[in-house]
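First to last, the protein sequences are chains A and B.
The opening residue of the first sequence carries number 0 in numbering that gives the first Met the number 0; numbering runs sequentially from there.
The opening residue of the second sequence carries number 0 in numbering that gives the first Met the number 0; numbering runs sequentially from there.
A virtual CB, placed ideally from N, CA and C, is assigned to each residue, including glycine.
Nothing here was measured: the structure is a model prediction, and the numbers come from that model.
Take a look at the structure below.
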Amino acid sequence: MTAHDEWEQNSDDPLGLRNLETIDPGHDGWADIESALLAHQDSKQASKRSWQRAGGWFAVAASLLLVFGISMRNIENPATNNPALASDTNVGASNFVAQETDNIGALIGLSQNMENQVKQLRQGTSSMPAESAIYIAELEDLIAQVDNELSFTPDSIDLWGQRVNLLLDLAQIYQQQWQIDYGRMAAL
Amino acid sequence: MMGSGFDIHLDEVTLAGAKRGDMRACEKIYRSYHGPAYSLAVRICKCRELARDVTQEAFITAFKRVPQFRGESPFWGWLRRVVINHAISSLRKQPRYDAVELEDNMAHTIGDQDGLGRAMDLSQALEQLSDEDRLVVWLHDVEGYKHREIAQMVGKTESYSKTRLNRARARLRTLITSNDERGTLILNGGTARNALA
Numbered sequence: 000m001t002a003h004d005e006w007e008q009n010s011d012d013p014l015g016l017r018n019l020e021t022i023d024p025g026h027d028g029w030a031d032i033e034s035a036l037l038a039h040q041d042s043k044q045a046s047k048r049s050w051q052r053a054g055g056w057f058a059v060a061a062s063l064l065l066v067f068g069i070s071m072r073n074i075e076n077p078a079t080n081n082p083a084l085a086s087d088t089n090v091g092a093s094n095f096v097a098q099e100t101d102n103i104g105a106l107i108g109l110s111q112n113m114e115n116q117v118k119q120l121r122q123g124t125s126s127m128p129a130e131s132a133i134y135i136a137e138l139e140d141l142i143a144q145v146d147n148e149l150s151f152t153p154d155s156i157d158l159w160g161q162r163v164n165l166l167l168d169l170a171q172i173y174q175q176q177w178q179i180d181y182g183r184m185a186a187l
Numbered sequence: 000m001m002g003s004g005f006d007i008h009l010d011e012v013t014l015a016g017a018k019r020g021d022m023r024a025c026e027k028i029y030r031s032y033h034g035p036a037y038s039l040a041v042r043i044c045k046c047r048e049l050a051r052d053v054t055q056e057a058f059i060t061a062f063k064r065v066p067q068f069r070g071e072s073p074f075w076g077w078l079r080r081v082v083i084n085h086a087i088s089s090l091r092k093q094p095r096y097d098a099v100e101l102e103d104n105m106a107h108t109i110g111d112q113d114g115l116g117r118a119m120d121l122s123q124a125l126e127q128l129s130d131e132d133r134l135v136v137w138l139h140d141v142e143g144y145k146h147r148e149i150a151q152m153v154g155k156t157e158s159y160s161k162t163r164l165n166r167a168r169a170r171l172r173t174l175i176t177s178n179d180e181r182g183t184l185i186l187n188g189g190t191a192r193n194a195l196a
């Protein structure tokens, strides 16, 4: 690193980016935020009850998927999850960080792919039975909750794992409906 | 207003009101910080449409979470972090090609630049950077975050942040120089055309 590079590295704002003006929003989103907050307050109790009634089995399934995902990760690379083993096998801290980063990167990539797949399946689905629609709404709520958590802990591997699992469930519902639709078309 | 513009003091009464779920207090907070939050989101996401969604979601999250805010740091710093986290999260979720589709064309034609000077060039150059480079250079140079903090936000190492910063600054410098050259050429061409007319 040259002296100039070093100076620039330590300099706060060598290009004068702070002189750029703030960008005017040109819109007022308060009404939407207010209604979302009021709806949140109202639905808090209702969703709690419906979640307890209908979502018990789903929580178990999601947990199992999560545990399965974590177990697979542990099997694939036991050293990264066992510090003692890591030191025995000379796996350093930097390798641990790199491995975690790789895992998160892979999950983010998978999440993006699943998001695309769900989008395509949604577009290709003509109609949906009420029961499935409710289930989809539940899943989308859960994905929103995970997204909310992710905004606070963006590098949580467990949260990205949960997001992928939820998207997988969502894709499965659309896939099943698509197969039903396709079967009907074929019968005609 | 220049730079981040986020460092606005919030009075205790309004904060307490927001913690109780008082909508008037929430609205006051929204009105105070909406501009800086949106501006920051645009700088990170580049796309105005996406930035609008990010800002909305960030405020909703912040108002839901504000009862948990302990006041150990200034409120604006906490809110700014919520916006940044939402923006990063949103960039991560965005498939690459969708980001291109959604991209709100903020770029202006070279002719529009005439007379607007270096600031416009820098703004455009910033948009030419990759998401990662733009994020790091903005968080470091404008928002004043340390490499350690940036690394934590993006889930990478400090050296990653330093490398990205160096790369982003070098690229920006190249883009600004090339823009200046193109601007001069076009300006000269325009003068020549005017003379002919």
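{"Asked": "Does the beta carbon of A:Q119 sit closer than 9 Å to a beta carbon anywhere in chain B?", "Found": "no"}
{"Asked": "Can you check whether the C-beta of B:V135 is within less than 9 Å of a C-beta belonging to chain A?", "Found": "no"}
{"Asked": "Can you tell me whether A:A143 is buried or exposed? The criterion is at least 16 other CB atoms within 10 Å of its CB, across all chains shown.", "Found": "exposed"}
{"Asked": "For the alpha helix (DSSP H) containing A:R148, list its first residue and its last residue.", "Found": "The amino acid at residue 148 of chain A is misidentified as Arg; the sequence shows Glu. Segment 129-151, the alpha helix (DSSP H) holding A:E148."}
{"Asked": "Which word fits B:D132, buried or exposed, when buried means at least 16 other C-beta atoms lie within 10 angstroms of its C-beta?", "Found": "buried"}
{"Asked": "Less than 8 Å between the CB atoms is what I'm expecting for B:E157 and B:R168, so what's the real figure, rounded?", "Found": "With 8 Å as the limit, B:E157 and B:R168 do not qualify as a contact, their Cβ atoms being about 17 Å apart."}
{"Asked": "Below 9 Å between beta carbons: does that hold for A:T21 and B:G76?", "Found": "no"}
{"Asked": "Who are the Cβ neighbours of B:A40 in its own chain at under 7 Å, not counting the five residues just before and after it?", "Found": "A50, V53, T54, V82, A86"}
{"Asked": "Can you tell me whether A:V129 is buried or exposed, with buried defined as 16 or more other CB within 10 angstroms of its CB?", "Found": "At residue 129 of chain A the sequence reads Ala, which differs from the Val that was named. By the neighbour-count rule (16 or more Cβ atoms within 10 Å), A:A129 is not buried but exposed."}
{"Asked": "Check whether the Cβ atoms of A:V145 and A:Q161 sit closer than 9 Å, and answer yes or no.", "Found": "yes"}
{"Asked": "Please confirm whether B:C25 has its beta-carbon closer than 9 Å to some beta-carbon of chain A.", "Found": "yes"}
{"Asked": "For the alpha helix (DSSP H) holding B:D130, just list the boundary residues, first then last.", "Found": "130-136"}
{"Asked": "Alpha carbon to alpha carbon, how far is B:L128 from A:N18?", "Found": "18 Å"}
{"Asked": "Do the segment 146-158 of chain A and the segment 14-29 of chain B meet, that is, are 3 or more Cβ pairs less than 8 Å apart?", "Found": "no"}
{"Asked": "Relative to the alpha-carbon of B:N84, which residue among B:C46, B:G70, B:L138 has its alpha-carbon at the smallest distance?", "Found": "B:L138"}
{"Asked": "Using the Cα positions of B:L171 and B:L125, report the straight-line distance between them to the nearest angstrom.", "Found": "7 Å"}
{"Asked": "Would you verify that the beta carbon of A:G28 is, or is not, closer than 9 Å to some beta carbon of chain B?", "Found": "yes"}
{"Asked": "Give the interface partners of A:T21 over in chain B, defined as CB-CB distance under 7 Å, in chain order.", "Found": "M0, G4, G34, P35, S38"}
{"Asked": "Name the two residues that bound the continuous alpha helix (DSSP H) containing B:L9.", "Found": "Run containing B:L9: none; DSSP gives neither H nor E here."}
{"Asked": "Give, in chain order, every residue of the segment 52-71 of chain B whose Cβ lies closer than 9 Å to some Cβ of chain A.", "Found": "T54, Q55, E56, A57, F58, I59, T60, F62, K63, R64"}
{"Asked": "Compute the Euclidean distance between the alpha carbons of A:G104 and B:K45, then round it to the nearest angstrom.", "Found": "22 Å"}
{"Asked": "Please say whether B:F58 and B:L14 have beta carbons closer to each other than 9 Å?", "Found": "no"}
{"Asked": "Can you tell me the Cβ-Cβ gap for B:I43 and B:L121, rounded? I've got them flagged as a contact below 8 Å.", "Found": "Contact flag wrong, Cβ pair sits at about 16 Å."}
{"Asked": "Buried or exposed for B:P66, going by 16 or more other Cβ atoms inside 10 Å?", "Found": "exposed"}
{"Asked": "Could you check if B:V12 is buried or exposed, using at least 16 other CB atoms within 10 Å of its CB as the buried criterion?", "Found": "exposed"}
{"Asked": "Can you grab the Cα-Cα spacing for the pair A:Q119 / A:N164, in whole Å?", "Found": "18 Å"}
{"Asked": "Taking only three categories from DSSP, how would you classify B:K145?", "Found": "coil"}
{"Asked": "How would you call B:T60, buried or exposed, if buried means at least 16 neighbouring beta carbons within 10 angstroms?", "Found": "buried"}
{"Asked": "Listing by chain order, which chain B residues have their CB less than 7 Å from the CB of A:N147?", "Found": "T60"}
{"Asked": "Within the 9 Å Cβ cut-off, does A:Q40 reach chain B?", "Found": "yes"}
{"Asked": "Look at A:G123 and A:W177 and say whether their C-beta atoms are less than 9 Å apart.", "Found": "yes"}
{"Asked": "Using a Cβ-Cβ cutoff of less than 7 Å, which residues in the same chain neighbour B:I149 once the five nearest sequence positions on both sides are dropped?", "Found": "V135, L138, H139, S160"}
{"Asked": "If you measure from the CB of A:L167, is any heavy atom of the ligand FMN nearer than 8 Å?", "Found": "In the structure shown, the ligand FMN is absent, as is every other ligand, since no ligand is present at all."}
{"Asked": "Only counting the same chain, and skipping five residues up and downstream in sequence, which positions put a Cβ closer than 6 Å to that of B:R64?", "Found": "none"}
{"Asked": "Name the chain B residues whose beta carbon is nearer than 8 Å to that of A:Q122?", "Found": "Here the premise fails: no neighbours, minimum Cβ distance about 14 Å."}
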